[in-house]
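Peer 1:
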Amino acid sequence: MGLVPVGRMKARTTRARAVRVGSTASTVALLLVALVVAACGQGVPARSSAHPSTNTAPSVPTTPAIPASTTTTAPPTTTTTTIPPLAAPAALTPFAPGGPANEGAWTGVGRPVGATVAVYETDLVPPGGTQAAGIAWMDTKLLSAQLYSGSKSPGGGPYQFTAPILPAQAASLVAAFNGGFLMNSAGGGYYTEGRVIDPLVTGAASLVIYADGSVTVGAWGSDVSMAPNVVAVRQNLVPLVAGSQPTAQAASPDWQAWGATCGATSCASSVPGIENQWRSGAGVTADGALVYAAGPGLTPLQLAQLLAQAGVVRCMELDINPNWPVFVTYTPSPPTAPAASANGSNLQPSSVQGPATFFNPAWGRDFVTMSARAMPAAA
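Numbering (the working numbering), first residue to last: 1068 to 1446.
#1: Let's test the definition: count the other Cβ atoms within 10 Å of the Cβ of G1301 and tell me whether it reaches 16, buried, or not, exposed.
#2: Since E1188 and G1196 are thought to touch, with beta carbons under 8 Å apart, how far apart are those beta carbons, to the nearest angstrom?
#3: When the Cα atoms are used, what is the spatial distance from T1174 to A1158?
#4: Classify Q1302 as helix, strand or coil using the three-state DSSP reduction.
#5: Report yes if the CB atom of P1367 is closer than 8 Å to the CB atom of W1322, and no otherwise.
#6: If we require 3 or more residues per run, which beta strand (DSSP E) segments fall completely within the stretch 1301 to 1360?
#7: For the stretch 1326 to 1346 against the stretch 1387 to 1401, do three or more pairs of beta-carbon atoms, one drawn from each stretch, fall closer than 8 Å, so that the two count as touching?
#8: Out of A1423, Q1213, F1425, N1427, state which residue places its alpha-carbon closest to the alpha-carbon of V1298.
#9: Taking a contact to mean a Cβ-Cβ separation below 8 Å, would you say Q1198 touches G1364 in this structure?
#10: Can you tell me which of the three DSSP states N1296 falls into?
#11: Please name the residue, chosen from K1208, G1247, V1338, S1239, that lies closest to S1281 on a Cα-to-Cα basis.
#12: Got a sec, what are the start and stop residues for the alpha helix (DSSP H) Q1372 sits in?
#13: Can you tell me which of A1154, V1192, S1216 puts its alpha carbon nearest to the alpha carbon of A1168?
#14: Kindly confirm or deny that the stretch 1260 to 1268 and the stretch 1223 to 1238 touch, where touching means at least three C-beta pairs closer than 8 Å.
#15: Roughly how many whole angstroms lie between the Cα atoms of T1259 and G1217?
#16: Since N1413 contacts Y1397 with CB under 8 Å, what's their CB separation in whole angstroms?
#17: Can you give me the C-alpha to C-alpha distance between L1304 and I1341, rounded to a whole angstrom?
#18: I'd like to check one pair, M1205 with L1357: are the Cβ atoms closer than 8 Å?
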């Protein structure tokens, strides 16, 4: 955005010298003065088309006078340029043979944007694992992100965007997925709707949403930072993948640093937690796609390996344990109809939460929606 400088029009003052050479000469002189003054009031001719304008406006902008006989027409309508979608993701290579059928092959899901698929899903078994995790790839050229805030995470409402998703937003909703930990366990901060709910932490893994709906993931203060066009920041722990590789922290034997987990059969506080538990995470690829992964029986390192295999260059862990990870796509029929619980599908069929979660007024946790961007009208 720039301000175009407007030059100040400078009127030229013409001095007429009185010449006393008889009454006839005086009359002629006065007529000449009047003609000069009248000429100075006319507009300066427009610049020739042989000299195109530059990025800097001239110091004295001018508008040529329009003769009375000239007819004016409305300016031409601005043409909207369609942003090309990202290239569809290439099939993922399984970590080991003998996995589920079509492991690593992508399937297009969810409401199309225009005539283009914007979300793809696949399954992949992590290294050393036995259960497949779900992976979703989202085209951020076609989809716009929005952070929804809850009464439990981050708390501190009221918020404009909070559960349930309203009809106006359901009209373009394509997908939605869970946010991070409760803020007292997140090790980071939360910023949305022009307010700092919890102070942002340098180095924390951050999902950042911008005013145009674009979204990215990175370490706060190095990969991403505050800017006038940042509208939401959701931090959770530290980066899980950096430079396309699992971080040293992801491979650390101190798996408890990645959050307190439920036990094998119970989430009671009296039951010791286990490392291989439900986990979710999100990251970005080199070309800007957003990738989400979730599944049961995952270690922090396995989650990082899944996302790195899916091509992310940076990623973060999101919420963990059976009750919280959820990724849903919505496929209304016709495609212009609103998203609803009845036309939603889980990435992981065994997820506790599902398509109705984000339409439940009682849902108190933050989540992210991905909605179809407005496509330009056909010419």
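Think of the CB as a built atom: it goes at the ideal place given N, C-alpha and C, for glycine as much as any other residue.
Peer 2: Concretely, from the data shown:
#1: Before going further, note that residue 1301 is Arg rather than Gly in the sequence given. By the 10 Å Cβ count, R1301 comes out buried.
#2: Actually they are not in contact, since the Cβ atoms of E1188 and G1196 sit about 18 Å apart, beyond 8 Å.
#3: Straight-line measurement puts the Cα of A1158 at about 10 Å from the Cα of T1174.
#4: Strand, per DSSP.
#5: Cβ distance < 8 Å, so P1367 and W1322 count as in contact.
#6: You should have 1344 to 1352.
#7: The stretch 1326 to 1346 makes contact with the stretch 1387 to 1401: 3 or more CB pairs, one atom from each, lie closer than 8 Å.
#8: Of the candidates A1423, Q1213, F1425, N1427, the one whose C-alpha sits nearest the C-alpha of V1298 is Q1213.
#9: Between Q1198 and G1364, the C-beta spacing is below 8 Å.
#10: In this structure, N1296 counts as coil in the three-state DSSP scheme.
#11: In terms of Cα proximity to S1281, the closest of K1208, G1247, V1338, S1239 is K1208.
#12: Counting along the chain, Q1372 sits inside the alpha helix (DSSP H) bounded by residues 1367 to 1376.
#13: Among A1154, V1192, S1216, the Cα nearest to that of A1168 is on V1192.
#14: Taking 8 Å as the limit for Cβ pairs, the verdict is that the stretch 1223 to 1238 does touch the stretch 1260 to 1268.
#15: Roughly 12 Å between the two C-alpha positions.
#16: Rounded to whole angstroms, the Cβ separation of N1413 and Y1397 is 11 Å, and the two are not in contact under 8 Å.
#17: Each residue's alpha carbon lies about 19 Å from the other.
#18: Their beta carbons are under 8 Å apart, which means L1357 touches M1205 by this criterion.
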